[in-house]
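Just so we're aligned: 127 in numbering that gives the first Met the number 0 is position 128 of the sequence shown, and the numbers increase by one with no gaps anywhere. Beta carbons: idealized from backbone N, C-alpha and C, even for Gly. Quick notes on the structure that follows.
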Amino acid sequence: MSESTYKCVNCGERASALYRTYGPSVLKLTKCESCKGVVDKYIEYDPVIVMIDLVLMSKEAQRHIIYNTEFKSYWKLFIILIMLETYGVWRNDSLFNIVINTICDIRNNSTINSTHIALPIKLSVAEPWASDCKGWIHEEKESMDLFIWEKDFYVQFLSIFAGIIVFITTIHLLMNIFKKIRFQNAVSLISVLKSFSLSNMSLLFTLPMLVWGNNETPPETRLLHYLMVFMYSFVFFYNVFQVLYEIPKIITVFILSVSYIVKYMTIFHMTPLIRRIIS
Ligand SMILES: [Zn+2]
Numbered sequence: 000m001s002e003s004t005y006k007c008v009n010c011g012e013r014a015s016a017l018y019r020t021y022g023p024s025v026l027k028l029t030k031c032e033s034c035k036g037v038v039d040k041y042i043e044y045d046p047v048i049v050m051i052d053l054v055l056m057s058k059e060a061q062r063h064i065i066y067n068t069e070f071k072s073y074w075k076l077f078i079i080l081i082m083l084e085t086y087g088v089w090r091n092d093s094l095f096n097i098v099i100n101t102i103c104d105i106r107n108n109s110t111i112n113s114t115h116i117a118l119p120i121k122l123s124v125a126e127p128w129a130s131d132c133k134g135w136i137h138e139e140k141e142s143m144d145l146f147i148w149e150k151d152f153y154v155q156f157l158s159i160f161a162g163i164i165v166f167i168t169t170i171h172l173l174m175n176i177f178k179k180i181r182f183q184n185a186v187s188l189i190s191v192l193k194s195f196s197l198s199n200m201s202l203l204f205t206l207p208m209l210v211w212g213n214n215e216t217p218p219e220t221r222l223l224h225y226l227m228v229f230m231y232s233f234v235f236f237y238n239v240f241q242v243l244y245e246i247p248k249i250i251t252v253f254i255l256s257v258s259y260i261v262k263y264m265t266i267f268h269m270t271p272l273i274r275r276i277i278s
C-alpha cells in the first residue's frame, strides 16, 4: 500500500503515515495536520470494537477499513454475500420475491402463504413486463427433480451477479462523472469493490428470517423484516459512499436510488432470460 493512500478517520484528510516508531517498543500515533486529532485511533483497537462501530455505521470505522487497512479478503466477502443473496431469492424468501410475487400476482403453493400479499386493487402488468412475470413462476419445488432445483440456484446466481455488476457500474460511473464535473479526483475501482463488500455485509441481517422463518411465517412479517433490513442496508450504502466519494448528500441518495432500481430491473429480466436460454 502506498503511503499517500492513508486518510484521517475523523476528517478524511490525506496522511503520510498512521504511526511512527521510535525504537523497538515506542510507537506514536500520527496527528492529523488538518483536524489535529489522531489520524487513525482504530489501529490500536480490538477488531471486535471496530466491528461494533461498523454495525453502528460510524464513518470513522468505515474510513479505517476502506483507507487504512489492506482488507485483502474483500473479494471472499463479495462472493459469499452474493451466495447469500442468491440463496434468499432462490428459496423465494426475500424482499425482491415478495415484491415480484405481489405485483405479478403469482399464487401457488410456495408463495401463497409466504411471499404473496393480496393487494386491495388489482394491478395490471403490461408487456414486456408480463412475460417476464411469467418467467418468475416457479415449478413446485417438491415435484422438481433435485438436479433442476440445483441448476436453478446457478441461474439465480448468474442473474444476481449480473445485477450487482450493473449496480456497481452505475454507481461508479455516475459518481465519477459528478466528481469530474467538480474537478475532483476519480475514485479507484478497488476502493469501490471494498466499500461495496463492506456495505453488503448488512445482508447478514436477513439470516434470522432465512434460518428461523418457515411456512407458518406470514408474508407481512417477512415483508416487515426484509423492509427493515433493506432500509438499514440503504443507509449503510449511503454512509459508505458518502465517505468514499465525498459528494453532496442529495446526489448520493439520488445515484444510489437509481443504481438500486437498475439492479433489480436487471435481475427481474435476467432470470427469465437465462431460464429461456438454457431450457
Ligand atoms: Zn483529520
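Close beta carbons around residue i, own chain, < 8 Å, minus the five adjacent residues each side
i    : result
D92  : S113, T114, M208, L209, G212, R221
I266 : V88, F95, S158, I159, A161, G162
R90  : L209
Y225 : S93, L94, I97, T205, M208
K179 : A185
E59  : V8, N9, K40, Y41, D52
R19  : L26, K27, T29
E219 : I116
V49  : Y41, A60, H63, I64
Q241 : K58, K248, T251
G134 : T270, P271, L272, R274, R275
Chain C within 8 Å of residue i, Cβ atoms only
i    : result
L226 : Protein chain content of the structure displayed is limited to a single chain, and chain C is not contained in it.
Unbroken beta strand (DSSP E) run spanning residue i, endpoints
i    : result
K179 : From DSSP, K179 is part of no beta strand (DSSP E) but of the alpha helix (DSSP H) over 145-180.
K27  : 26-28
Reduced DSSP category for residue i - H, G, I as helix; E, B as strand; rest coil
i    : result
K121 : coil
K75  : helix
K35  : coil
R90  : coil
R106 : coil
Y5   : coil
N-terminal and C-terminal residue of the alpha helix (DSSP H) that residue i is part of
i    : result
R19  : No alpha helix (DSSP H) contains R19, which is instead part of the beta strand (DSSP E) from 18-20.
M269 : 248-277
S190 : 188-199
D131 : 128-134
S232 : 218-244
H63  : 58-67
P46  : 46-54
P207 : 206-211
Sequence-distant residues of its chain with Cβ nearer than 6 Å to residue i (five each side left out)
i    : result
S1   : In this prediction, S1 scores a pLDDT of 45, lower than 50, which makes its location untrustworthy; no coordinate-derived value is stated.
S194 : I65, V239, L243
V228 : F204, T205
H63  : V8, D39, Y41
T270 : S158
Cβ-based neighbour list, residue i, same chain, cut-off 7 Å, excluding 5 preceding and 5 following
i    : result
F177 : I246, I250
I273 : V154, L157, S158
G11  : R62, E245
H171 : L188, V191
E84  : I159, L202
Selection from the options that minimises the alpha carbon distance to residue i
i    : options                : result
A185 : S123, F195, L192, M174 : M174
Q61  : K150, P23, D39, I97    : D39
C132 : N108, N107, N100       : N100
L122 : K30, I105, I136        : I105
F233 : N214, H137, L202, S57  : L202
A16  : V25, K30, S24, H268    : K30
F166 : Y263, V47, S33         : Y263
I102 : T85, M82, E84, A125    : A125
S278 : D151, H268, F235, K27  : D151
I164 : S196, M50, W135        : S196
H268 : W128, Y5, T4           : W128
E319 : G36, I81, Y86          : The structure shown has nothing for residue 319, since the chain only spans 0 to 278.
V257 : E43, Y237, R275        : Y237
V261 : G36, C34, S198, T169   : T169
S57  : P23, F235, I79         : F235
N199 : Y73, S109, L145, I147  : Y73
G36  : P46, I276, F77, K6     : K6
L14  : D45, V54, P23, N67     : What sits at residue 14 in the sequence shown is Ala, not Leu. Closest option to A14, Cα to Cα, is N67.
P295 : F70, S109, S24, C34    : A question about residue 295 goes unanswered here, because the residues of the chain that appear run from 0 up to 278.
Next on the checklist: Closer than 5 Å between the C-beta and any heavy atom of ligand 1: which residues qualify, listed along the chain?
Outcome noted: Chain-ordered, the residues whose CB falls short of 5 Å from any heavy atom of ligand 1 come out as C7, N9, C10, E12, C31, S33, C34.
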